[in-house]
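Worksheet for the structure shown next.
Residue numbers (my numbering): 237 to 464.
What follows is the structure in structure tokens.
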């Protein structure tokens with residue numbers, strides 16, 4: 237479960253990114269957070285992974301109170317929250333397999349465990365045949381699949397996808413969204429942060445709309461609100 241209670245985020249000197257935001261996301265939900273540029277949706281995403289701290293209010297993620305989480309605990313938190321960004325941040329000198337394995341290596345997993353997990357997540361994202369390729373040999377959609385595979389290695393309870401289709405064409409966008417829906421069917425909570433109206437409208441899942449740092453709409457089977 238994700239729970240925000242009266243959360244505000246103010247950047248010095250007086251820029252209000254979020255203002256008194258309260259919401260609850262249940263385990264297994266697929267939720268889109270939408271809004272125009274500067275609305276506050278990216279700030280919310282950063283708060284959920286403790287990349288930013290709230291100015292006021294309380295944030296719970298998967299049973300963790302991360303409102304004032306110590307820095308030493310953040311790596312453990314992020315193993316429970318998979319993160320997918322628009323920019324792939326792949327290591328150019330490592331293969332697909334090695335990029336995914338690296339996320340486990342830095343967490344101190346054994347070689348045996350890595351050899352078990354990596355093929356499993358590559359199968360989920362459909363990249364078994366590309367495991368020995370380097371990022372420069374991949375399409376944009378394939379690169380994003382590597383990022384998603386990397387985000388799944390710790391079997392996270394929540395997957396936060398911040399504009400995951402921003403650099404993709406229509407066909408690859410559809411493929412990535414189908415993959416996120418598949419992961420959601422496994423029971424993983426998906427939080428999609430996006431401005432892509434077509435993606436949101438096709439999903440017909442819960443849509444939370446943010447404008448000027450406030451939640452202005454929260455609809456169970458919603459669409460992107462054009463006027464906000």
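Even glycine gets a Cβ: it sits at the ideal position worked out from N, Cα and C.
Between the beta-carbon of residue 363 and that of residue 385 there is about 6 Å, and that keeps the pair under the 8 Å contact cut. Restricting attention to beta strand (DSSP E) runs no shorter than 3 residues, the region 272-327 encloses them at 292-297, 317-321, ordered along the chain.
Annotation: residue 459 is outside any beta strand (DSSP E) and is labelled neither H nor E by DSSP.
Taking a 10 Å sphere around the C-beta of residue 275, we find 16 or more other C-beta atoms and assign the residue as buried. At least 8 Å separates the beta-carbon of residue 299 from that of residue 240. DSSP, reduced to helix, strand and coil, places residue 409 within a helical segment of the structure shown.
Rounded to the nearest angstrom, the Cβ distance from residue 324 to residue 361 is 13 Å, too far for a contact under 8 Å.
About 19 Å separates the beta carbons of residue 340 and residue 379, which is beyond the 8 Å limit, so they are not a contact pair. Excluding five sequence positions before and after residue 390, the CB atoms of its chain that fall closer than 6 Å to its own CB belong to 315, given in chain order.
In the structure shown, residue 382 falls within a helical segment according to DSSP collapsed to helix, strand and coil. A distance of 8 Å or more separates the beta carbons of residue 445 and residue 252. Straight-line spacing of the CA atoms in residue 428 and residue 290 works out to 20 Å. When secondary structure is reduced to three states using DSSP, residue 266 falls in the strand class. With respect to the 8 Å criterion, residue 443 and residue 423 are not classified as neighbours on the basis of their beta carbons.
Each residue's CA atom was taken as its position, placing residue 301 and residue 237 some 11 Å apart. Within the same chain, Cβ atoms closer than 7 Å to the Cβ of residue 255 are found at 244, 449, 450, the five residues on either side in sequence being excluded. For the set 305, 421, 425, 433, the Cα lying nearest the Cα of residue 262 is the one of 425.
A distance below 6 Å between beta-carbons, with the five flanking residues on each side excluded, links residue 397 to the following residues of its chain, in chain order: 320, 428. Contact check for residue 337 against residue 317 fails: the beta carbons are separated by 8 Å or more. Note that the C-beta distance between residue 283 and residue 295 is below 8 Å.
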